[in-house]
Structures are given as structure tokens and as C-alpha cells.
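Here the structure comes first, spelled out in C-alpha cells, and everything after it is commentary.
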RNA sequence: GCCCCCAUCGUCUAGCGGCCCAGGACGUCGCCCUCUCACGGCGAAAACACCGGUUCGAACCCGGUUGGGGGCGCCA
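Residue numbers (my numbering): 3 to 465.
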């Protein structure tokens with residue numbers, strides 16, 4: 003059987019981290035089986051759906067590298083077909099017209115609440131004859147759900163989840179204005195699109211039971227369900243605005259790599275023994291529904307940082323230099339060919355010290371800075387009177403050496419030895435004067451990248 | 001209130017009745033490497049929510065308690 007999965011977000015906000023994980027799992031499942039992965043925008047809520055949200059979702063998917071097959075399906079455009087199915091259900095006797103007004107229903111719920119009873123539609127129009135109508139009141143179509151027995155959702159993650167049918171009420175299929183509800187639309191679209199595996203958030207588990215009732219009434223095939231435990235924020239509660247509720251594409255701006263994000267998201271609820279760093283290729287090969295955990299997970303950005311650092315170090319110097327372009331541009335530095343060459347040369351030392359592209363951009367200060375350098379506090383403290391005196395003596399020694407990291411290193415070492423100093427006593431002041439910071443890549447590598455003229459001038463500025 | 005789901009180190013997790021006085025990873029703390037910071041290496045602290053059962057034997061099975069989460073719309 004050819005597997006078809008889908009990611010079906012409603013465009014009422016951006017694609018957050020939880021949605022991104024759902025999308026990833028669907029994508030992985032499809033790619034693993036050589037199946038099809040579809041994107042469907044559930045825009046039937048006309049009030050809340052926005053073009054911006056659709057763009058944000060599409061951008062987020064693209065950034066994450068989750069490519070979908072065939073064209074995007076917009077659910078609202080299929081409303082006529084959904085209504086048709088509702089009418090069919092009505093004709094078959096699996097649904098009925100209900101003329102109860104929203105106010106009337108609210109009253110009903112109120113009294114149920116007050117009486118401590120379960121809140122659900124009481125079926126007041128269920129068994130009335132078709133001749134029984136209310137003039138000038140447009141009815142809704144409700145499903146005539148079975149009242150006894152149980153509906154079992156056979157879920158790949160949650161196991162068999164049983165719902166007594168008497169706790170599931172006769173929900174609305176078609177609104178009084180003739181538009182379909184989510185419950186109906188999802189089922190019809192999944193059927194029409196040939197979706198075989200429904201992988202989505204846990205919050206849809208009860209819906210699955212209701213959807214099953216529609217599917218059974220229509221005699222359609224039941225898809226395989228997998229309901230993923232929801233993601234929680236770092237504090238254990240909801241995903242906070244601070245971090246978890248960011249749009250996924252905003253992580254790009256924070257300096258994260260898509261492959262790191264994929265790896266991170268994958269391990270949130272899915273595991274493969276003790277494996278932690280899992281490439282996307284490996285993930286496609288290994289992914290399955292069996293290894294999805296049943297308990298909710300919290301997001302932990304420290305781990306994302308660590309993973310991102312790992313993937314940063316794996317990325318080529320050229321790619322990284324180019325990725326820095328836009329970030330440096332924002333800071334007012336244009337990357338020309340000369341700077342690009344320096345970035346690439348310095349990258350091996352730079353990238354193992356950074357966790358994100360933003361940190362990387364911060365760390366290239368010494369390459370882009372103009373003389374005289376702005377020393378930070380720690381650098382200033384390093385440049386004591388003694389330190390400056392050492393630099394004064396060191397400068398001609400360096401100037402006389404062949405300008406390569408290794409020879410510069412050797413020259414500085416023998417200089418320190420003759421003066422009875424530790425290398426650090428020489429290297430730290432040197433670093434402060436040349437980079438304006440107290441930390442940097444190996445100082446002799448820095449010197450080599452900067453070249454003799456610029457380096458010696460920077461030293462001169464401080465003595 | 002009713003229904004459903006979940007419960008192993010701070011966090012993500014391995015574990016699917018004996019291999020577990022519980023393993024890995026992130027984070028934390030030491031030490032090593034070292035010109036700084038990182039990277040890397042080594043090591044440490046750190047968990048089976050609780051109570052009953054079942055069993056020769058339970059983190060794993062069953063029941064309950066507690067604690068989290070989700071659902072109960074003419075929203076999706």
C-alpha cells in the first residue's frame with residue numbers, strides 16, 4: 003500500500019514548534035515509506051484565517067526543509083463537496099436537521115453545568131419527524147451518532163482508546179449557513195486525498211472518535227491514527243510566547259540551522275535507542291510510529307543549542323561564510339570578496355566556538371572592526387602597563403618573523419621564554435590589542451588571517 | 001463536573017518480568033588538554049511519583065491515590 007500522510011494546520015497563527023514537529027513526523031513517515039506527503043491548509047474559519055499565517059506556515063515548512071508533494075489543498079475551497087457529503091448522510095438517515103438556536107443550546111449547557119452533568123447536545127431534534135420544522139429558522143445538520151456501544155480509536159501511539167458512545171453527542175456536520183464544520187471537512191478531505199496515516203496532535207484524540215463515526219456512516223476506509231503527545235514549554239505548562247510559541251522560521255533569525263532543528267524536534271517524543279545526533283537521511287531510514295513516546299515532552303533550548311553547535315561544526319567554511327552575509331549586513335557590514343576570504347580562513351577557529359550563527363556573527367568582530375579598536379572591559383583590564391611594555395618588545399619580534407600562525411607562535415614562545423614569562427602573559431595582551439576582546443580563536447591564527455600590516459598597527463594602537 | 005491520555009535523573013530519553021543497587025544525551029560540577037574561550041577527553045552528583053496487589057522475581061503486568069495534560073462550540 004502506498005502511504006499518504008498530510009500536515010493540516012489551520013492558518014490562524016504561525017507555525018510553532020509543536021506544529022513543526024507534527025509536520026516533521028508526517029514528512030518522515032512518508033519519506034521512509036516512499037509515500038506521499040501533502041499539505042492542507044484548514045482555512046474554513048473565515049474569521050480567523052489570514053494570508054499572513056498561510057505565508058508563515060509555508061515559509062516555516064520551506065525553511066525546515068519539509069517539502070510536500072502535489073499542490074497545497076485549501077479546505078475552504080472544497081466546502082461544496084463537504085456539504086454534499088452532509089446531505090448524503092442526511093439522505094441515508096445517518097444525520098438529521100436540528101433547529102435549536104445557539105441561545106437555546108447555550109441555555110442547555112448552562113443547566114447541564116449547574117446540574118453537574120456532562121455537557122453535550124441532548125438530541126432534542128434527533129427523533130422528530132421530518133415534517134417537524136421551524137419556519138424561518140435555518141437548521142444545522144447533525145450526525146445521528148450511535149447511542150450505545152463504543153467507538154474504538156485504534157491508535158498507533160496511544161493504543162486502543164475506547165469511548166462509550168453515550169458520551170459522544172450528535173455534533174454538527176453542516177452549519178445553518180450551509181458551511182461544513184471542521185469535523186466533517188477533515189474526514190472528507192482525508193478520504194478524497196487518499197490519506198492513509200493521520201499523524202497529528204493529541205488534542206485531536208477525542209475528535210478521532212467523532213470522525214470515525216462519520217467514516218463508518220459513509221462506509222469509508224479507516225486511516226491509521228497516531229496521536230502525538232503535546233509539547234510543553236520549559237516551565238512545564240503551555241508553550242510560552244518567550245520561546246516555544248515563536249514561529250518556526252524565527253529560529254532562522256536566532257541563528258539555528260534547519261538540520262539541527264530537525265534533529266532536535268525528532269528526539270522530542272521519538273527515539274532510536276541511545277542515538278542522539280541523527281542526520282536527516284538517517285532519520286528517514288529509521289523513522290517509524292512504534293518508537294513514538296506516549297508522554298508529553300518539554301522543549302529544552304539548551305539541547306537545541308548543543309545540537310546546533312554540532313551541525314555548525316559540520317558545515318563547510320564556505321557555506322558558513324555565506325550564511326553570515328545577511329547577518330553581518332544587518333550590522334552594517336557588507337561582505338566583499340576580501341572579507342569573505344578572511345571569514346573562510348578564520349572559520350575553522352570560529353565555528354567550534356559558536357552555537358548559533360548569531361554567535362558566529364558576534365565572534366567575527368575582530369575581522370570587521372576598524373582601527374582604533376573598541377576594547378571591551380575585559381580586554382582593557384588585560385592591557386596593564388606591564389602588558390603594554392611586553393607588547394612593545396614583542397612587536398619587533400613578530401614583525402621579523404615569517405607571517406604564518408606556526409612561526410608567529412614559535413617566535414612568541416621563545417620571546418616569552420627569554421623573558422621568563424608564561425606564554426599566556428604574552429598571548430593575552432596580544433589578544434586584547436588585536437581583537438579587542440579577552441577571548442578569540444587561537445591568537446596566532448588570528449594574526450595570520452589579519453595579516454602583518456593590520457595586526458602590527460593594532461598593536462601599535464595600544465602601546 | 002464528565003470523558004480520555006500520561007507519569008524513569010533538572011530536561012530529552014533507553015528499558016518492553018530476571019542482563020537494572022537502572023543506560024545514553026543536554027545541562028550542572030570537577031580534572032585533563034591549553035595563549036583565552038571553545039572543541040575534545042576523563043570523572044562526579046542526579047531518576048523508576050505514591051500505595052496496594054500478581055509473581056520465585058517488577059521500572060516493566062493489574063488496581064487505586066496523587067500530580068500533569070487534552071477534550072467536552074454553528075473554532076480548528
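Positions of the beta carbon are idealized from the N, C-alpha and C atoms, including for glycine. Since the model is a prediction, treat every value here as computed from it, not as a measurement.
Beta-carbon gap between residue i and residue j smaller than 9 Å
i	j	result
residue 228	residue 163	no
residue 144	residue 168	no
residue 421	residue 388	no
residue 50	residue 28	no
residue 458	residue 407	no
residue 295	residue 275	no
residue 184	residue 90	no
residue 59	residue 301	no
residue 440	residue 404	no
residue 24	residue 203	yes
residue 508	residue 315	What is shown of the chain runs 3 to 465, which leaves residue 508 out entirely.
residue 155	residue 81	no
residue 309	residue 363	no
residue 195	residue 40	yes
residue 349	residue 307	no
residue 176	residue 186	yes
residue 468	residue 127	Because the chain here runs from 3 to 465, residue 468 falls outside it and cannot be looked at.
Reference residue i; option with closest CA among the options
i	options	result
residue 97	142, 60, 45	142
residue 22	275, 348, 178, 251	251
residue 262	26, 6, 123, 410	26
residue 369	47, 284, 346	346
residue 223	273, 197, 397, 172	197
residue 15	209, 154, 56	56
residue 69	88, 95, 37, 46	37
residue 216	230, 208, 46, 190	190
residue 33	86, 10, 199	199
residue 445	255, 426, 273	426
residue 298	351, 322, 235	235
residue 147	132, 131, 125	125
residue 66	102, 93, 249	249
residue 286	452, 136, 31	31
residue 303	317, 456, 265, 152	265
residue 213	352, 360, 188, 230	188
residue 140	129, 179, 157, 107	179
residue 232	433, 48, 290, 201	201
residue 122	135, 134, 130, 108	108
Range of the contiguous beta strand (DSSP E) that encloses residue i
i	result
residue 230	226-230
residue 203	199-203
residue 8	6-9
Run of the alpha helix (DSSP H) containing residue i, from where it starts to where it stops
i	result
residue 34	19-34
residue 392	387-402
residue 218	207-220
residue 415	407-421
residue 285	282-288
residue 13	From DSSP, residue 13 is part of no alpha helix (DSSP H); its letter is neither H nor E.
residue 188	184-194
residue 426	425-437
residue 263	260-268
residue 279	From DSSP, residue 279 is part of no alpha helix (DSSP H); its letter is neither H nor E.
residue 312	303-316
residue 445	445-452
residue 384	379-384
Where residue i falls, given that 16 or more other Cβ within 10 Å makes a residue buried
i	result
residue 477	This structure cannot speak to residue 477, because the chain is shown only from 3 to 465.
residue 116	exposed
residue 464	buried
residue 343	exposed
residue 79	exposed
residue 221	exposed
residue 279	exposed
residue 358	buried
residue 63	buried
residue 435	buried
residue 461	buried
residue 392	buried
residue 311	buried
residue 328	exposed
residue 10	buried
Any non-hydrogen atom of the ligand FAD within 8 Å of residue i CB
i	result
residue 16	Inclusion of the ligand FAD in the displayed structure is not the case, the ligand content being empty and no account of it being possible.
Hey, which unbroken runs of the alpha helix (DSSP H) at 4 residues or more fall wholly within the segment 37-83? Scanning the segment 37-83 for uninterrupted alpha helix (DSSP H) segments of 4 residues or longer gives 53-66, listed from N- to C-terminal end.
Length at least 4, wholly inside the segment 149-177: the alpha helix (DSSP H) runs in chain order: none
Runs of 4 residues minimum, wholly inside the segment 329-369: which ones carry the alpha helix (DSSP H) assignment? Taking only runs of at least 4 residues, the alpha helix (DSSP H) segments lying wholly in the segment 329-369 are 339-353, 359-365.
What are the complete alpha helix (DSSP H) segments, minimum 4 residues, inside the segment 81-148? 81-93, 104-116
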